[in-house]
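For reference, the structure is listed below as structure tokens.
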Amino acid sequence: MRLPRLEAIRLDYGCHSGRFQLPDEGRPIVIAGRNGSGKTTLLEAFLRTLYGFSKRKPEERRLLELRRPWSGRPAEAELELVAADGTAIAVHRDFATDQVVARARASGEELYRGDANPAGVRSESRHYQDLVREWVGFATLEPYRATAWIAQGELVDTRLDDELLRAAAGSHRRVETALNELRDSFDELTRESIELGGRRKNRSREIEDLREETEAVVDRLEAARTARERRKPLLEQEAQTRAEMNRVEVEIGLLESSYRPITERRTLIAEEKEASSHLASLSESIRWLREARTGLERASMELAAAEAAGQYPADFETRLGQAEALWERLRVLNGESGMTPAPDSEPPDRPVMALAGAALGLLGLGIGLTISSTAGWILGSAGLALIGAYAWRRHSVKRDAEERAHDLSVSREADLAAVKSKLASVVAGTPQPGLSPETRVVHQERFRKQADARTALRLAEQTERQSTERARALVRSEAAGVEEASTAAVVQHLEAAEGEARTALARIQLRAEEQPATPELPAGVEESVPAIEAAREERRERRDALRARQADLDLELRDLKRMAEDVFALERELAGLRDRIRETEAEAEVGRLAWELVRDAYEEFRTTDQGRLLGAVNERLDDLSRGRLGPVETEGDLASSRVGLLGRPVPLESPPLSFGENHIVLLAIRLGTADFLSREGLHHPLLVDEPFTHLDEAHSRDVWDLLSELATERQVVVTTQNRLVLEHLGVEPDVDLPLPEPATEQSGRVL
2 MRLPRLEAIR LDYGCHSGRF QLPDEGRPIV IAGRNGSGKT TLLEAFLRTL YGFSKRKPEE
62 RRLLELRRPW SGRPAEAELE LVAADGTAIA VHRDFATDQV VARARASGEE LYRGDANPAG
122 VRSESRHYQD LVREWVGFAT LEPYRATAWI AQGELVDTRL DDELLRAAAG SHRRVETALN
182 ELRDSFDELT RESIELGGRR KNRSREIEDL REETEAVVDR LEAARTARER RKPLLEQEAQ
242 TRAEMNRVEV EIGLLESSYR PITERRTLIA EEKEASSHLA SLSESIRWLR EARTGLERAS
302 MELAAAEAAG QYPADFETRL GQAEALWERL RVLNGESGMT PAPDSEPPDR PVMALAGAAL
362 GLLGLGIGLT ISSTAGWILG SAGLALIGAY AWRRHSVKRD AEERAHDLSV SREADLAAVK
422 SKLASVVAGT PQPGLSPETR VVHQERFRKQ ADARTALRLA EQTERQSTER ARALVRSEAA
482 GVEEASTAAV VQHLEAAEGE ARTALARIQL RAEEQPATPE LPAGVEESVP AIEAAREERR
542 ERRDALRARQ ADLDLELRDL KRMAEDVFAL ERELAGLRDR IRETEAEAEV GRLAWELVRD
602 AYEEFRTTDQ GRLLGAVNER LDDLSRGRLG PVETEGDLAS SRVGLLGRPV PLESPPLSFG
662 ENHIVLLAIR LGTADFLSRE GLHHPLLVDE PFTHLDEAHS RDVWDLLSEL ATERQVVVTT
722 QNRLVLEHLG VEPDVDLPLP EPATEQSGRV L
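Counting from 2, one number per residue, gives the positions in the sequence shown under my numbering.
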């Protein structure tokens, strides 16, 4: 079920200025206010924003003038609605210019911008009407006003007639006018009646006149055929000669028309080939130059990236070899500096001397104690002397070893300092981190990348120079001073030359397309200029001979024509008359069939849609009158409808209906027509202005209950000034409009 819905409006229209929003609670929306508060104006603004004013009608122009805002500004409004397909849309209308801008509120996509004059005939106006039909079901305001919009005071204008049925059905034509037009057209063609079995007309018409003229031509033709037998051989010869001459004329025309296209096409083909080749050379040169520039930029970037951490000296590999040797020497020196020199080996006789001295001392001690003290003292002194000699000798050896170790240490420190100094000079200028055995591989890799990047840059520069030179050579003849121009300037020259070459090629191709196609040549003629010229001269000579023969035959035929009327002309005239009779009879038959189809369609329209519409009206009438009124019935068209009142049919007007009863019947017609449309699948918003007028409390309750039931199926908006009825119904208005104050600008209220 599709449910279009009006949601809100921001407007500067009549006495209103601000924004109003309609709730969506599945019940009738009530707008209340005193007389002059602008209830009808607000309700009207919703639909006028969609449909505008038809400024061709004086009453519409006057109403638009009355809706000029009290603020003095031009009238404008922006309506927010939900279309039948569920799309939320905002429609802004400038009433002074009828310019409309419609956007989808969710995405902001612009759905329409342009003229939305309801009386417009331009395609954009019709397109806007198609969009409105998709959004709310009605393309124009008139059918909405006749069905689903009951404006204040307009309910009494409701008429149950075929116009209402056509507005409800949506696409029925004015069949009575169509039938009369078809009947008039048929009567102009024949005296026969358009209805089978009907009376014929007295005066002859086109078909009868053609038949009489045909009979006269037949009589003349019979008289001429006698004379034609004498002319027949000559006519056959004349026809053959004329046919042959026509064929020759056609061939001459083919030959003459093909000569110029052939030469021009060959010239254009050569020009197109040359222009295509030139354009291809320019495009290829631009491509080469751009690729060279791109390669140069890429190589420069790669070199910059490789040198980001620092630039290596050119002899880095030589320095690296020197550093490796110094590292090895440094390692050796560091290893030797950690070693302690070993003392000299003690002579083998030194322990013997110590032992001998000890032995002599012990022996002297023993002898001195036992035998002779002198001998003992001598031996002891000798032993002590040996021991002293041993001690002095050992001290002398140790002192020499310490002196040698000191000299060796000083020499190693000097070598180590020299190596470090040399190493520092070798690694100077190397990027961070410092060059060491641990970072050697990293530096080698970075140095190789820099070397490769420099090589690539040199190659890219060489390629760019070569491409630039080729480009300069290509545009040197077309651009002055290009030898000294930069690469960018050369590219600009190339691009300009390419554009000119492309334009020149397009012009040549356009000229080739505009060339007329080469006519088909006569059989046996080659597509070459000499062959075409020879064939043309041969056919001109043949044409001259045929013309002479034709002149002789014409003289003989003119002599015979004096004696008889031209049979061929009569036959052509007779054939034309018979064709006209057939066409006119076919036209008359088509008119008769069209009349019958329209008549049958009209009868089906009346018996089908009319019954459905009356059924919808009677259903609402039964709800509103609690069965007291109805049904509405007709024995013919809707204009002759009558309504049941206490068991007897009476006219729909008041009297015999009371004013309140007439109000109920007219409201049932409007609501029933809206139901009739709803059964087609589209539930238009129902706008009812003052539905409780002329109704008592009971009928007001019936109307409110019916509107509440309708609000479950469609949007229903009600305006009223009858607060007593609202209190009786227990209904609180969604908005209570105060009397406007022209001196101040109103602000919008949320309903």
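Each residue gets a CB set at the ideal place from its N, CA and C atoms; glycine is no exception.
Close beta carbons around residue i, own chain, < 6 angstroms, minus the five adjacent residues each side
i      : result
His729 : Glu698
Asn663 : Ser655
Ser468 : Trp289, Leu290, Ala293
Arg6   : Val83, Gln716
Ala161 : Rather than Ala, the amino acid found at residue 161 in this sequence is Leu. Cβ neighbours of Leu161 beyond the five flanking positions: Leu639, Ser642, Ile670.
Ala392 : none
Beta-carbon proximity check, residue i vs residue j, cutoff 7 angstroms
i      : j      : result
Gly53  : Asp99  : yes
Val718 : Ile10  : no
His695 : Gly661 : yes
Ala149 : Ala675 : yes
Asp706 : Ala152 : no
Gly39  : Leu738 : yes
Gly631 : Asp623 : yes
Glu308 : Gln451 : yes
Leu506 : Leu280 : yes
Arg540 : Ile253 : yes
Val644 : Val633 : yes
Gly369 : Gly362 : no
For residue i: DSSP bridge partner residues
i      : result
Leu688 : Trp150, Val718
Glu81  : Ala9, Ala91
Val644 : Val633, Val651
Ala103 : Val92, Tyr113
Arg20  : Arg11
Ala787 : The chain is shown only over 2 to 752; residue 787 falls outside these bounds and no answer can be derived.
Straight-line gap, residue i to residue j (C-alpha atoms, nearest Å)
i      : j      : result
Glu8   : Val736 : 14 angstroms
Val428 : Arg459 : 27 angstroms
Glu135 : Arg74  : 32 angstroms
Leu637 : Leu578 : Here residue 637 turns out to be Gly, not Leu, going by the sequence shown. Approximately 46 angstroms between the Cα atoms of the pair.
Arg226 : Ala576 : 15 angstroms
Arg63  : Arg49  : 14 angstroms
Gln323 : Ile287 : 50 angstroms
Asp571 : Asp220 : It should be noted that the sequence gives Leu, not Asp, for residue 571. Spanning the two alpha carbons is a distance of roughly 10 angstroms.
Asn181 : Ser194 : 13 angstroms
Gly266 : Ser258 : Position check: residue 266 holds Arg in this sequence, whereas Gly was assumed. C-alpha separation (whole angstroms): 13 angstroms.
Leu424 : Glu404 : 31 angstroms
Glu527 : Thr264 : 14 angstroms
Trp328 : Pro438 : 8 angstroms
Ser748 : Arg629 : Because Ser748 sits at a pLDDT of 42, beneath the cut-off of 50, its placement in the model cannot be relied upon, and the following sentence gives the value as read from the coordinates. Near 47 angstroms, if we compare the C-alpha coordinates of Arg629 and Ser748.
Cβ neighbour criterion (16 or more within 10 Å) applied to residue i
i      : result
Leu725 : exposed
His396 : exposed
Leu297 : buried
Ala744 : Interpretation of Ala744 is limited by its pLDDT of 47, a score under 50 that renders its predicted location unreliable; the figure taken from the coordinates is listed afterwards. It counts as exposed.
Ala170 : Annotation note: pLDDT 48 at Ala170 (below 50); position unreliable, coordinate value reported separately. Label assigned to Ala170: buried.
Ala147 : buried
Leu727 : buried
Asp545 : exposed
Arg537 : buried
Asp345 : At Asp345, the pLDDT of 49 sits below 50, so the modelled position is not reliable and the matter cannot be decided from this model.
Val251 : exposed
Arg94  : buried
Ser108 : exposed
Phe677 : buried
Own chain partners of residue i with C-beta closer than 8 angstroms, once the 5 adjacent residues on each side are dropped
i      : result
Ala595 : Leu183
Leu235 : Leu554, Glu557, Leu558, Leu561
Asp131 : Ala140
Val751 : Because the pLDDT at Val751 is just 34, under 50, the model does not fix this residue reliably, and the value given afterwards should be weighed accordingly. Excluding positions up to five away in sequence, the list reads Arg20, Phe21, Gln22.
Gly121 : Asp99, Arg127
Met246 : Arg544, Leu547, Arg548, Gln551
Neighbourhood of residue i by C-beta, 7 angstroms cutoff - its chain only, sequence neighbours within 5 removed
i      : result
Pro70  : Asp13, Tyr14, Gly15, Ser18, Ala76
Ser205 : Arg192
Thr159 : Leu667, Ile670, Arg671
Arg466 : none
Glu586 : Ile208
Gly550 : One point to set straight first is that residue 550 is Arg, not Gly, in the sequence displayed. The answer, listed in chain order, is Thr242.
Any chain D beta carbon closer than 7 angstroms to residue i
i      : result
Arg724 : Here there is only one protein chain, and chain D is not present.
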